[in-house]
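J.: Can you read through this structure? Questions will come right after.
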Amino acid sequence: MSIAEIFAKARAEERALLIGCMPAGFPTVDDSIESMIAMHEAGCDVIEVELPYSDPVMDGPVIQKASDIALGRGVRTRDTLRIIEAVAGAGATVVLMTYWNPIEKYGVNAFARDLAAAGATGMITPDLIPDEAAEWIAASDEHRIDRTFLVSPSSTDERIAMTVAQCRGFVYATALMGVTGARTSVSSQAPDLVERVRHANPDMPVGVGLGVGNGAQAAEVAGFADGVIVGSALIRCVLDAPDRATGLSRLRALSAELAEGVRNPAK
Amino acid sequence: MSAPTLPDLSGHFGRYGGRFVPEALVRALDELDAAYRTAKTDPEFQAQFKDLLLNYAGTPSLLYRAERLSARLGAEILLKREDLNHTGAHKVRNVLGQALLAKRMGKPRVIAETGAGQHGVASATAAALLDLECVVYMGETDTERQALNVARMRMLGATVVPVTNGSRTLKDALNEALRDWVASVDTTHYLLGTAAGPHPFPEIVRDFVGGIGIEARQQCLDQLGRLPDAVAACVGGGSNAIGIFHAFVPDESVQLYGFEAGGDGVATGRHAASITGGSSGVLHGARTYVLQDEDGQTVESHSISAGLDYPGVGPEHAWLHDTGRAEYEPVTDAEAMAAFQLLCRTEGIIPAIESAHALAGAARIVPALREELGRTPTIVVNLSGRGDKDVHTAGAYFGILDPVETLVPGENS
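Chain order of the listed sequences is L and W.
Numbering of the first sequence is given in our numbering, commencing with residue 1 and proceeding in unit increments.
Numbering of the second sequence is given in our numbering, commencing with residue 268 and proceeding in unit increments.
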């Protein structure tokens with residue numbers, strides 16, 4: 001399913017989407033495929049594959065550590081494409097989250113082509129703002145990849161309108177001023193930011209990320225957003241587990257808890 | 268298109284520069300840009316900055332005619348003595364300018380990244396002077412290598428945060444400072460240490476350190492009655508180089524040379540020569556030359572000089588390189604250390620190892636310049652910093668740190 005279709009389906013069911021993030025190649029290529037398929041089976045509607053990068057300035061310690069482990073084992077951009085192919089092949093809707101330099105190095109148009117061929121439907125670019133994205137906008141149009149840019153509580157209304165106009169599929173609202181990582185409470189800035197996006201374009205689905213770590217928080221965010229994005233808490237299931245089997249079972253359990261949460265949006 | 272009109276309004280030097288940052292930072296960068304535009308034309312701000320430079324930092328720095336070095340190199344060598352500034356390097360110009368700007372924006376806190384600790388010490392100095400809270404991010408590896416500078420920063424009242432991510436060096440400290448800034452932009456100014464990063468930093472830093480070139484150019488006219496044939500500077504992030512180049516860019520007769528850290532040699536892969544040994548990419552907020560592998564992952568840099576040990580370079584240098592206005596060449600650790608020793612012995616000046624790269628490069632270009640001009644060339648070398656901080660590194664390099672035999676009274680044999 002495309003991102004637009006899957007958001008439309010969730011809206012019809014009066015629930016939010018669960019978008020679960022996992023770095024490609026963490027802790028190994030095959031393990032990351034297994035983790036992502038487990039997340040998909042346990043209720044993640046969209047699998048957000050993060051391309052590991054040496055200098056992830058938007059990410060907190062958990063994603064940094066997982067990315068470092070993947071890079072330390074030699075994961076390559078082409079492995080990320082292979083992982084996407086396997087996960088999409090298992091029936092999951094896959095989007096890629098990537099910092100910009102690896103894409104520029106690969107070749108922007110070639111990457112959009114190969115990403116589409118691997119079966120991803122969209123790409124999130126945390127350090128590429130629409131102002132610098134002319135080449136990406138052209139390539140993603142040509143290869144029909146949905147583009148997700150970020151909006152932040154600090155964005156002006158003008159920038160929100162401009163950014164949302166360049167998104168296709170959904171827009172990623174960073175719920176608080178800070179890097180990724182689970183928080184004990186959901187930011188009060190998030191509902192306001194979602195409201196401002198809706199004001200710019202009522203039809204553009206909004207995914208909210210940064211800070212969600214359990215079912216109750218997922219339900220809370222589902223109360224005002226179209227998509228709940230979870231990364232660090234899922235990654236920690238694998239990172240902190242004493243062995244692979246335990247990690248996978250924790251990952252399934254948390255995915256199921258979050259999936260339950262997005263189906264019971266707070267009123 | 269002449270250089271002083273760049274960057275364009277969106278911060279581009281040709282295809283380089285720009286803003287490759289999380290959206291969360293855009294407003295802060297826009298605010299900084301707007302504050303800088305008004306400060307630039309505000310006589311009061313300019314007067315404050317000028318006063319601090321003159322009465323606190325000790326500039327204009329001397330342009331010193333190095334007679335004995337000149338005789339050895341077969342060229343007329345003029346040293347721009349930025350090593351004599353307060354805190355011992357050109358960096359004080361940038362931190363004073365940015366700290367004043369932070370005050371002007373009403374931000375009570377500044378953060379900074381540092382490699383060897385020089386920019387951290389300079390930032391802590393400016394923060395103490397202007398009563399700002401200061402947090403400095405420093406790679407854990409560097410905090411161990413540069414314990415004295417950590418102590419200096421703490422004496423000046425700054426908080427030093429050791430960074431334990433990635434390679435635990437300058438690039439990781441920069442990542443961590445950016446992460447702090449994403450979460451603290453309302454109260455915090457990021458006092459970036461070099462003419463790199465997202466727009467408007469490359470332009471702001473260039474302008475604040477641009478006095479180096481303006482002074483040197485005027486000093487040449489006053490002392491020689493003409494412009495030099497060449498200007499040489501070391502290039503890591505590139506702030507001292509852009510600072511001395513900028514005023515000379517329109518002077519076509521003046522050749523500009525940037526010397527990058529060649530480490531063990533560019534061919535070995537162990538170097539920090541982003542322009543001569545890297546390729547175009549995006550790092551830390553700008554498109555520029557970057558040391559990267561074939562997947563665009565940043566490659567660790569290597570240099571004997573901590574201040575040049577960075578896998579990127581300011582975007583204006585990338586542009587000056589591509590347009591051919593400036594020449595960039597690598598200088599190895601060994602070449603730099605030979606020049607370091609030569610300056611110590613001929614002039615009684617212990618330079619920063621960074622600056623020794625510029626000296627080594629200047630020595631290298633003499634024969635070609637002499638041939639091209641048909642006379643003795645005049646070269647201005649930016650002596651960007653003093654070498655006190657490098658005594659340990661240089662002492663170990665030259666093998667002169669052996670403990671001196673001490674004579675204990677009454678214990679003769």
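Just so you know, even glycine gets a beta-carbon here, dropped at the ideal spot from N, CA and C.
What distance in whole Å lies between the Cβ atoms of D350/W and A619/W, which are believed to be in contact at a cut-off of 8 angstroms?
T.: Counting from 1 along the second sequence, the entry for residue 619/W is found at position 352. Counting from 1 along the second sequence, the entry for residue 350/W is found at position 83. Indeed, because the Cβ distance is near 7 angstroms, the residues count as touching under 8 angstroms.
J.: Any beta-carbon of chain W closer than 8 angstroms to the one on A8/L?
T.: If you number the first sequence from 1, residue 8/L lands on position 8. Chain W contact via Cβ: absent.
J.: In whole angstroms, what is the alpha-carbon distance linking P275/L and R286/W?
T.: As displayed, chain L neither begins before 1 nor continues past 267, which places residue 275/L out of reach and without an answer.
J.: Would you say P289/W lies against chain L (beta-carbon separation less than 8 angstroms)?
T.: Indexing the second sequence from 1 puts residue 289/W at position 22. Cβ-Cβ to chain L under 8 angstroms: yes for P289/W.
J.: For the alpha helix (DSSP H) holding R732/W, just list the boundary residues, first then last.
T.: Since the first residue of chain W shown is 268 and the last is 680, residue 732/W is not available in this structure.
J.: Note down, in chain order, each residue of its chain lying with its Cβ closer than 7 angstroms to the Cβ of A444/W, except the 5 sequence neighbours on either side.
T.: Walking along the second sequence from the start, residue 444/W turns up at place 177. Here the set comprises I378, A379, E380, Y404 and Y457.
J.: Can you list, in chain order, the residues of its chain with a C-beta nearer than 7 angstroms to that of R15/L? Leave out the 5 residues immediately preceding and following it.
T.: For this step, residue 15/L is matched to residue 15 along the first sequence. A222, V262, R263 and P265.
J.: Cutting at 6 angstroms between CB atoms, please list the residues of its own chain near E257/L, excluding the five before and the five after it.
T.: The residue labelled residue 257/L in the question sits at position 257 within the first sequence. So the qualifying residues of the chain are G215.
J.: Since A462/W and G581/W should fall inside the 8 angstroms C-beta cutoff, what is the C-beta to C-beta distance between them, to a whole number of angstroms?
T.: For the purposes of this step, residue 462/W is taken as the residue at position 195 of the second sequence. For the purposes of this step, residue 581/W is taken as the residue at position 314 of the second sequence. Contact flag correct, Cβ pair sits at about 4 angstroms.
J.: Roughly how many whole angstroms lie between the Cα atoms of F607/W and I617/W?
T.: Counting from one through the second sequence, the residue named residue 607/W turns up at place 340. Counting from one through the second sequence, the residue named residue 617/W turns up at place 350. Spanning the two alpha carbons is a distance of roughly 7 angstroms.
J.: Taking contact to mean at least 3 C-beta pairs separated by less than 8 angstroms, is the region 533-551 of chain W in contact with the region 559-568 of chain W?
T.: Judged by Cβ distances under 8 angstroms, the region 533-551 of chain W makes contact with the region 559-568 of chain W, as three or more pairs qualify.
J.: Would you say L71/L lies against chain W (beta-carbon separation less than 8 angstroms)?
T.: Counted from its first residue, the first sequence places residue 71/L at position 71. Answer yes: the Cβ-Cβ gap between L71/L and chain W drops below 8 angstroms somewhere.
J.: Looking only at C-alpha atoms, which of S140/L, R73/L, E50/L and L17/L sits nearest to P27/L?
T.: Walking along the first sequence from the start, residue 27/L turns up at place 27. The shortest C-alpha separation from P27/L is found at R73/L.
J.: Output the distance between the C-alpha atoms of S67/L and N101/L, rounded to the nearest integer angstrom.
T.: By 1-based counting over the first sequence, the position of residue 67/L is 67. By 1-based counting over the first sequence, the position of residue 101/L is 101. Roughly 15 angstroms separates the two Cα atoms.
J.: With DSSP as the reference, identify every bridge partner of C21/L, one or two as the case may be.
T.: Counted from its first residue, the first sequence places residue 21/L at position 21. C21/L pairs with E48/L.
J.: Helix, strand or coil: how does DSSP classify D398/W here?
T.: Numbered from 1 along the second sequence, position 131 holds the residue referred to as residue 398/W. D398/W: coil per DSSP, three-state reduction.
J.: What first and last residue would you give for the alpha helix (DSSP H) that runs through A379/W?
T.: Counting from one through the second sequence, the residue named residue 379/W turns up at place 112. Here A379/W belongs to no alpha helix (DSSP H); instead the beta strand (DSSP E) covers R376 to T381.
J.: So who's on the other strand from Y556/W, going by DSSP bridges?
T.: Start at 1 with the first residue of the second sequence, and residue 556/W comes out as number 289. For Y556/W, which the question treats as bridged, DSSP gives the partners S547/W.
J.: Does Q189/L get closer than 8 angstroms to chain W when you measure Cβ to Cβ?
T.: Translated into positions along the first sequence, residue 189/L becomes position 189. Not one chain W Cβ lies under 8 angstroms of Q189/L.
J.: Three or more beta-carbon pairs under 8 angstroms between the region 110-127 of chain L and the region 80-97 of chain L, yes or no?
T.: Verdict: yes, contact present.
J.: Could you give the distance in angstroms between the alpha-carbon of S32/L and the alpha-carbon of G247/L?
T.: Looking up residue 32/L in the first sequence gives position 32. Looking up residue 247/L in the first sequence gives position 247. Roughly 11 angstroms separates the two Cα atoms.
J.: Within the same chain, show all residues whose beta-carbon is closer than 7 angstroms to that of R113/L, passing over the 5 residues directly before and after it, in chain order.
T.: Locating residue 113/L in the first sequence gives position 113, counting from the first residue. Counting only Cβ-Cβ distances below 7 angstroms, and skipping sequence neighbours, we find H143.
J.: Taking C-beta to C-beta, are R495/W and L345/W nearer than 8 angstroms?
T.: Here the question's residue 495/W lines up with position 228 in the second sequence. Here the question's residue 345/W lines up with position 78 in the second sequence. The question names Arg, yet the displayed sequence has Pro at residue 495/W. Result yes, Cβ atoms of P495/W and L345/W sit closer than 8 angstroms.
J.: If we call anything under 8 angstroms between Cβ atoms a contact, is A570/W one with G530/W?
T.: On the second sequence, residue 570/W is found 303 positions in, with the first residue counted as 1. On the second sequence, residue 530/W is found 263 positions in, with the first residue counted as 1. It is worth fixing the name first, because residue 570/W is Ser in this sequence and not Ala. Yes, these two residues count as a Cβ contact at 8 angstroms.
J.: Could you tell me the alpha carbon to alpha carbon distance between A218/L and R250/L, rounded to whole angstroms?
T.: Here the question's residue 218/L lines up with position 218 in the first sequence. Here the question's residue 250/L lines up with position 250 in the first sequence. Those two C-alpha atoms are separated by around 17 angstroms.
J.: Check each candidate in S152/L, V49/L, G209/L and L234/L and name the one with the smallest Cα separation from V29/L.
T.: On the first sequence, residue 29/L is found 29 positions in, with the first residue counted as 1. Taking only the C-alpha atoms, the option nearest V29/L is V49/L.
J.: Taking CB distances under 8 angstroms as the criterion, tell me whether I124/L reaches chain W.
T.: Here the question's residue 124/L lines up with position 124 in the first sequence. False, the Cβ-Cβ gap to chain W never drops below 8 angstroms.
J.: What's the call for N442/W, buried or exposed, on a 16-neighbour Cβ count within 10 Å?
T.: Here residue 442/W refers to the residue found at position 175 of the second sequence. Buried, since its Cβ has 16 or more Cβ neighbours within 10 Å.
J.: In chain L, which residues lie with their C-beta within 7 angstroms of the C-beta of S541/W?
T.: As a position in the second sequence, residue 541/W is number 274, starting the count at 1. Ordered by position in chain L, no residue passes the 7 angstroms Cβ test against S541/W, which lies about 13 angstroms from the chain.
J.: For S390/W and D398/W, what's the separation of their Cα atoms in angstroms?
T.: Here the question's residue 390/W lines up with position 123 in the second sequence. Here the question's residue 398/W lines up with position 131 in the second sequence. Answer to the nearest angstrom: the Cα atoms are 12 angstroms apart.
J.: Just mark L321/W as buried or exposed, buried being the case when its beta carbon has 16 or more other beta carbons within 10 Å.
T.: As a position in the second sequence, residue 321/W is number 54, starting the count at 1. L321/W should be labelled exposed.
J.: Using the C-alpha atoms, what's the distance from V476/W back to I3/L?
T.: Position 3 of the first sequence holds residue 3/L. Position 209 of the second sequence holds residue 476/W. So the alpha carbons of these two residues sit roughly 49 angstroms apart.
J.: On the criterion of 16 or more Cβ atoms from any shown chain inside 10 Å, does H199/L qualify as buried, or is it exposed?
T.: In the first sequence, the residue the question calls residue 199/L occupies position 199. Exposed is the call here.
J.: With DSSP as the reference, identify every bridge partner of C501/W, one or two as the case may be.
T.: Taking the first residue of the second sequence as position 1, residue 501/W is located at position 234. C501/W pairs with F526/W.
J.: Where A24/L and I235/L are concerned, what is the direct C-alpha to C-alpha distance, given to the nearest angstrom?
T.: Sequence index remark: in the first sequence, residue 24/L carries index 24 (1-based). Sequence index remark: in the first sequence, residue 235/L carries index 235 (1-based). About 11 angstroms.
J.: Please determine if the region 165-173 of chain L and the region 148-155 of chain L are in contact, where contact requires at least 3 C-beta pairs separated by less than 8 angstroms.
T.: With the cut-off at 8 angstroms, the region 165-173 of chain L and the region 148-155 of chain L touch.
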